[in-house]
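Residue numbers (our numbering): 9 to 145.
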């Protein structure tokens, strides 16, 4: 048909959440030492921005002077800052055990959800809630 664009639609192949943190170094240490991420870069002197990566997952870390969200509201409503997914039920169970062995704080331990997923929620040092999800079966 005339006027229709026959070019393929662009594919968005990645997305990265931005977490607001009080201390870039402490956050980078948490993500690398506790969650197995590596540092892609830090920016600024002193650093006020960073990116960490694990496998295909990216997280951006932005230093702020005060919380951007009311901590009581975040905890009461389980307001998530990021969602990390794995492909199999074995992986979600292994990831939970890995993080548990690293001594991370959980807002929610591994559980099967009514919609057929297995999830758990990690709380970072700034209180950001990070959902980890995978298939239940």
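From the three backbone atoms N, C-alpha and C, an ideal C-beta is built for every residue, glycine too.
> Which same chain residues, not among the five before or five after residue 103, have their C-beta less than 7 Å away from its C-beta?
Replying inline: Result list for residue 103: 94 and 140, in chain order.
> In chain order, what residues of the same chain have a beta carbon less than 8 Å from the beta carbon of residue 34, not counting five sequence neighbours either side?
Replying inline: These residues qualify, in order along the chain: 133.
> So which of 52, 126 and 38 has the shortest CA-CA distance to residue 111?
Replying inline: Checking every option, the nearest Cα to that of residue 111 belongs to 38.
>> Tell me which residue opens and which closes the alpha helix (DSSP H) that residue 146 is part of.
In response: Not covered by the structure: residue 146. The range shown for the chain is 9 to 145.
>> My parser needs the beta strand (DSSP E) runs of 3 or more residues fully inside the segment 20-44; what are they?
In response: If only uninterrupted beta strand (DSSP E) runs of at least 3 residues are considered, those enclosed by the segment 20-44 are 25-29.
>> Taking 8 Å as the limit between beta carbons, can you name the residues of its chain near residue 126, skipping five residues before and five after?
In response: For residue 126, where only same-chain residues beyond five positions count, the Cβ hits under 8 Å are 97, 100, 101, 118, 119, 120, 141, 142, 143 and 144.
>> Here's a check: name, in chain order, each residue in its chain whose Cβ is nearer than 6 Å to the Cβ of residue 36, leaving out the five neighbours to either side.
In response: The residues are 47 and 58.
> Between which two residues does the beta strand (DSSP E) harbouring residue 82 extend?
Replying inline: According to the DSSP assignment, residue 82 belongs to no beta strand (DSSP E) but to the alpha helix (DSSP H) extending over 79-85.
> Smallest Cα separation from residue 64: which of 26, 18, 129 and 22?
Replying inline: Measuring C-alpha to C-alpha distances from residue 64 to each of 26, 18, 129 and 22 identifies 22 as the nearest.
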